[in-house]
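Student: Counting in the numbering used here, the sequence shown runs from 1439 upward without gaps.
Quick one: structure below, then a few questions.
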Amino acid sequence: MPRPIKKRVLKKTETEEELRTEILSLPERIKGFISERKRFLILLLLALLIAGGFGIYSLQLNLKASRLFYEGYRAFYGPGDIINKAEAYRKGLEALKESYRLRPDPITLIYLADAYYRVGSLDDAIKSLQEFRSRFGSNRYLLPLCYQRLGLIYKKKGLNDEALKIYEELYKNGYTLRDLALYESIMILKGMNRAEEASKKAEILKKEFPDSPYLSMLKTEG
């Protein structure tokens, strides 16, 4: 005899009242969802506008800094037919200072130190080069130029011991201009009547830099 088929009773997942409540609340939920999306889009738009505005502002600063750098460079290294050099140098120096303020750049700082040197502000030139050492000392390509200029200024001020220290740093740590460091040290030591030390430096120059043009300069100068 066949077994009777039992009817499956479907469980009610929601009552009619719960379903009616959910249907009635659906527009509010959609409205809330849209409101959240709007808030997110508004915040995203504001962020993009701020980022874009900052980018435009940075671009304008870079363009202005570049223009000022060129003005300063032209004043000191441009055509030699400038009638009033003192005035041109003054304006050029101000342009380089403002360029560096707007965009702290290692090359600009080197040229700023040169500008101070040319107008006779040796202490300001030293200060700029010392700032370069502390701020951009990891720049192996420009650091030798910093050493070279700093040694030159110390030598001009008669600070021979300071100049010798700088040239020693250039010789030990310089990516380039190491033979120049030896040559300048030799000349300073000779002027200080420290012939034995100068002779030792000359031997190092001959051994390590046999093709250096400073060797022939030493022979010429005796």
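Even glycine gets a Cβ: it sits at the ideal position worked out from N, Cα and C.
Just so you know, these numbers come straight off a predicted model, no measurement behind them.
#1: Which term fits residue 1634, buried or exposed, when burial requires 16 or more other beta carbons within 10 angstroms of its beta carbon?
#2: Compare the Cα-Cα distances from residue 1648 to each of 1626, 1618 and 1659 and report the closest residue.
#3: I need the straight-line Cα distance from residue 1557 to residue 1654, nearest angstrom please.
#4: Would you be able to state if there are at least three C-beta pairs under 8 Å between the segment 1530-1538 and the segment 1569-1584?
#5: Helix, strand or coil for residue 1613, going by three-state DSSP, please let me know.
#6: Between the C-alpha atoms of residue 1591 and residue 1598, what's the straight-line distance to the nearest angstrom?
#7: Fully enclosed by the segment 1533-1617, which alpha helix (DSSP H) runs are 4 residues long or longer?
#8: Would residue 1566 be called buried (16 or more neighbouring beta carbons within 10 Å of its own) or exposed?
#9: If I measure Cβ to Cβ from residue 1593 and keep anything under 8 Å in the same chain, skipping five residues before and after, which residues do I get?
#10: CB-CB under 7 Å to residue 1584, same chain, minus the five flanking residues each way: which ones, in chain order?
#11: According to DSSP, is residue 1651 part of a helix, a strand, or is it coil?
#12: Under the rule that 16 or more other beta-carbon atoms within 10 Å means buried, what is residue 1613, buried or exposed?
#13: Counting C-beta neighbours from all protein chains within 10 Å, is the total for residue 1524 16 or more, i.e. buried, or is it exposed?
#14: If distances are taken between C-alpha atoms only, which option among 1507, 1514, 1637 and 1526 comes closest to residue 1538?
Tutor: Here's the rundown:
#1: exposed
#2: 1618
#3: 32 Å
#4: no
#5: coil
#6: 10 Å
#7: 1544-1556, 1560-1574, 1581-1594 and 1598-1611
#8: buried
#9: 1601, 1622 and 1626
#10: 1548, 1567, 1570 and 1571
#11: helix
#12: exposed
#13: exposed
#14: 1507
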